[in-house]
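Engineer: Going letter by letter, the sequence shown gives residues 5 to 428 in my numbering. Think of the CB as a built atom: it goes at the ideal place given N, C-alpha and C, for glycine as much as any other residue. Model, not experiment: these values are computed from the prediction. This structure is in structure tokens; I'll ask about it shortly.
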Amino acid sequence: MKQRGRHRRQKRGRALRAFLAGTALALTAAATMISASQATVGDRPGALKTLAASDRTAGLRLQERLVPQSTLDRLAAAMGRPVGVSTVLDDADHSLLGAADCTTTERTALPVAPAATRAYCWDAADTRGWRAGAVTTSGDADDDGHWGTHRVILSGWTHQAGGSAKPGLARVALVDVSDPDRLTYAWATLAVPVDGGRDYRGLTSPVSGMVWYQGKLLVTAADGLYVYDMHRIQRATVDSGAVGRVRGGWAAYGARYVLPAVGSYRFTGKAARPAAISLDRSTAPDSLVASEWVPADSGRHTRLWRYAFSSDPARAGLLATDAAGHAVATEAYETKTAGVGGVLSYGSQWYLARAADTADGHGTLWRQNAHAAKATRCGSDGTNRCWTGRAGSLSYWEETGEVWSQSGRMLYALPLGSIDGSLG
């Protein structure tokens with residue numbers, strides 16, 4: 005029985021690869037229709053420029069603030085014993101659709117080139133009113149790619165608060181990807197303890213960057229990063245549109261679970277907002293890399309930088325800090341690439357996902373280092389407008405060699421080697 009099941013999975017895998025290959029051909033054909041002026045004009049950002057140590061230590065310094073243990077204990081005593089990732093996955097009540105079952109409109113959010121080798125879409129009813137943001141995986145959390153017995157993806161979303169420019173609530177989907185033919189997930193609302201752990205409020209911030217490292221989840225916020233403990237997931241007991249303590253128990257805006265923050269990192273002075281972050285396992289110790297969001301018409305350069313993770317077992321998943329609790333960037337660069345929505349660093353290379361200039365256009369994926377810059381290319385005219393329009397976060401699963409991202413309602417993966425092979 006196991007052998008026949010394996011054959012069925014292999015056949016489905018071949019069918020998916022053939023389907024995605026056909027989709028890629030169609031998207032490539034569409035790319036050739038881009039006007040010559042739009043297709044041949046690139047950013048030409050050139051090599052990365054190293055920033056001076058003074059810029060790293062002053063402008064990019066973070067202050068660590070951990071939530072008191074008494075606050076977390078008081079909240080757990082009121083809500084019940086915290087649970088872990090496996091408990092949430094075993095309670096998954098939603099499924100993603102394979103690429104073949106996604107609409108043509110949804111699939112246009114995929115990169116033109118290089119083509120995705122795995123792709124899924126979120127249920128429209130379940131994500132209506134929410135905008136997809138960052139992705140991180142159990143490949144970030146542990147170098148063997150597993151969390152317990154599961155392979156897991158965390159997908160961040162932000163509620164679109166009507167016509168308001170203010171960000172809405174943030175939530176994370178915990179996705180079980182152990183079986184690539186059947187992805188299931190459950191939601192957890194991101195929250196911040198208040199009143200000494202007697203209540204919590206929802207985190208209102210775009211989830212444009214996330215990194216799950218060891219037991220901690222770091223999430224971008226307007227003025228730094230929030231820290232969550234993946235061992236301290238609380239159950240919501242009331243199905244309500246409210247967040248926090250309500251009559252009869254605890255609510256999480258309809259989600260079954262809530263993640264209360266256990267700490268934060270705030271910039272000590274005027275500095276860049278980290279719009280995108282990812283994990284780099286090619287450094288020693290492992291490091292967190294970040295980029296800021298700079299609009300294309302601002303005339304400013306974009307800063308890229310990194311922080312080292314702590315090697316202290318008692319601080320697993322937290323950044324390395326000095327005696328005053330400061331985390332200082334270990335290196336920083338400037339790039340002429342604007343509109344960066346996703347950042348990845350591996351070895352000496354930096355990969356930057358640049359958003360499209362128009363609402364219906366494609367973005368650009370650049371690889372830069374201290375010497376040069378190259379972009380992925382597609383179409384008969386060699387345009388570099390080949391990436392997704394919204395240019396979401398990038399997460400490298402080192403154990404599989406895949407880069408995961410999402411755009412619109414599409415969650416997808418492709419080999420890092422295929423990105424390097426598509427560079428012009």
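Quick one: give me the first and last residue of the beta strand (DSSP E) that Q353 is part of.
Structural biologist: Q353 to R358 is the extent of the beta strand (DSSP E) around Q353.
Engineer: Suppose contacts are defined by Cβ-Cβ distances below 7 Å. Is G273 in contact with S212 by that definition?
Structural biologist: No, Cβ-Cβ distance for G273 and S212 is not below 7 Å.
Engineer: Per the DSSP calculation, T368 is bridged to which residue(s)?
Structural biologist: According to DSSP, which records beta bridges pairwise, T368 is partnered with R358.
Engineer: Based on the DSSP secondary-structure assignment, which residues constitute the bridge partners of A265?
Structural biologist: Per DSSP, Y232.
Engineer: For V347, list the residues DSSP reports as bridge partners.
Structural biologist: DSSP, once it has assigned bridges, lists L356 as partnering V347.
Engineer: Does G160 come out as helix, strand or coil in the three-state DSSP assignment?
Structural biologist: G160: strand per DSSP, three-state reduction.
Engineer: Tell me which same chain residues have a C-beta within less than 7 Å of the C-beta of A431, skipping the five on either side of it?
Structural biologist: Coverage of the chain is limited to positions 5 through 428, which leaves residue 431 absent and any answer about it impossible.
Engineer: Comparing C-alpha positions only, which one of W216, R65, L323 and V223 sits nearest to A195?
Structural biologist: Here the closest residue by C-alpha is V223.
Engineer: For G143, which option in G219, V116 and A359 has the closest C-alpha, if you only look at C-alpha atoms?
Structural biologist: Checking every option, the nearest Cα to that of G143 belongs to G219.
Engineer: I need the boundaries of the alpha helix (DSSP H) containing I281, first residue and last residue.
Structural biologist: That residue, I281, is in no alpha helix (DSSP H); its beta strand (DSSP E) goes P278 to D284.
Engineer: Counting pairs of beta carbons, one from the stretch 271 to 290 and one from the stretch 311 to 327, are three or more of them closer than 8 Å?
Structural biologist: Touching, yes, given that three or more Cβ pairs across the two stretches are closer than 8 Å.
Engineer: What is the DSSP secondary structure of T387, reduced to helix, strand or coil?
Structural biologist: In the structure shown, T387 sits in a strand (DSSP, three-state: E or B).
Engineer: Alpha carbon to alpha carbon, how far is W391 from A363?
Structural biologist: Computed Cα separation, rounded: 13 Å.
Engineer: With G425 as the anchor, note down where its alpha helix (DSSP H) starts and where it stops.
Structural biologist: Element bounds for G425: L420 to G425.
Engineer: Taking the alpha-carbon positions, what's the P197 to P118 distance?
Structural biologist: Each residue's alpha carbon lies about 43 Å from the other.
Engineer: Quick one, are the C-beta atoms of V116 and S397 less than 7 Å apart?
Structural biologist: No, they are not a contact pair.
Engineer: So what does DSSP say about P171, is it helix, strand or coil?
Structural biologist: Strand at P171.
Engineer: With distances taken Cα to Cα, identify the nearest neighbour of L322 among D233, P86 and D361.
Structural biologist: When each option's Cα is compared against that of L322, the closest is D233.
Engineer: Is it the case that the Cβ atoms of T75 and G206 are separated by a distance below 7 Å?
Structural biologist: Taking 7 Å as the Cβ cut-off, T75 and G206 do not qualify as a contacting pair.
Engineer: Is there a Cβ of chain D sitting closer than 7 Å to that of A256, yes or no?
Structural biologist: Checking the listed chains, one finds no chain D in this structure; it contains a single protein chain.
Engineer: Give the range of the beta strand (DSSP E) segment to which L194 is assigned.
Structural biologist: Looking at the DSSP string, the run of the beta strand (DSSP E) that includes L194 is T188 to V198.
Engineer: Tell me G1's beta-bridge partners as DSSP assigns them.
Structural biologist: The question about residue 1 has no answer, for the chain in this structure spans 5 to 428.
Engineer: Buried or exposed for T54, going by 16 or more other Cβ atoms inside 10 Å?
Structural biologist: So T54 counts as exposed.
Engineer: Would the stretch 380 to 387 and the stretch 65 to 81 be scored as touching if the rule is three or more Cβ pairs under 8 Å?
Structural biologist: No contact exists between the stretch 380 to 387 and the stretch 65 to 81.
Engineer: Can you tell which of H366, G50, V250 and R413 has its C-alpha closest to the C-alpha of M83?
Structural biologist: Looking at the Cα atoms, V250 is the closest of the given residues.
Engineer: Spatial neighbours of A300 within its chain, please: C-beta separation below 6 Å, excluding the five flanking residues on both sides.
Structural biologist: Only A342 and G343 meet the Cβ criterion.
Engineer: Out of L114, S99, A103 and T109, state which residue places its alpha-carbon closest to the alpha-carbon of S409.
Structural biologist: Cα-wise, what sits closest to S409 is L114.
Engineer: Short of 6 Å in beta carbon distance, which residues of its chain neighbour R65, apart from the five on each side in sequence? Order them along the chain.
Structural biologist: Taken in chain order, the residues that qualify are T272, H330 and V332.
Engineer: Just grab the DSSP bridge partners of E338 for me.
Structural biologist: Paired residue(s): K53 and R307.
Engineer: Would you report the Cα separation of L101 and R132, rounded to the nearest angstrom?
Structural biologist: Between L101 and R132, the C-alpha separation is close to 16 Å.
Engineer: Rounded to whole angstroms, what is the Cα-Cα separation between G346 and A294?
Structural biologist: The straight-line gap from Cα to Cα measures roughly 9 Å.
Engineer: Give the single residue among V215, G303, M414 and I237 whose Cα lies nearest to the Cα of D284.
Structural biologist: Minimum Cα distance to D284 is reached at V215.
Engineer: Starting from V92, follow the alpha helix (DSSP H) in both directions and report where the run begins and ends.
Structural biologist: V92 -> alpha helix (DSSP H) spans V89 to D94.
Engineer: Using C-beta distances below 8 Å, list every residue in its chain close to R202, excluding the 5 sequence neighbours before and after it, in chain order.
Structural biologist: The residues are R78, L79, A82 and R249.
Engineer: Which residues in the same chain as G267 place their Cβ atom closer than 8 Å to its Cβ, once the five residues preceding and following it in sequence are excluded?
Structural biologist: Taken in chain order, the residues that qualify are E68, R69, L70, V71, Y230, V231 and L322.
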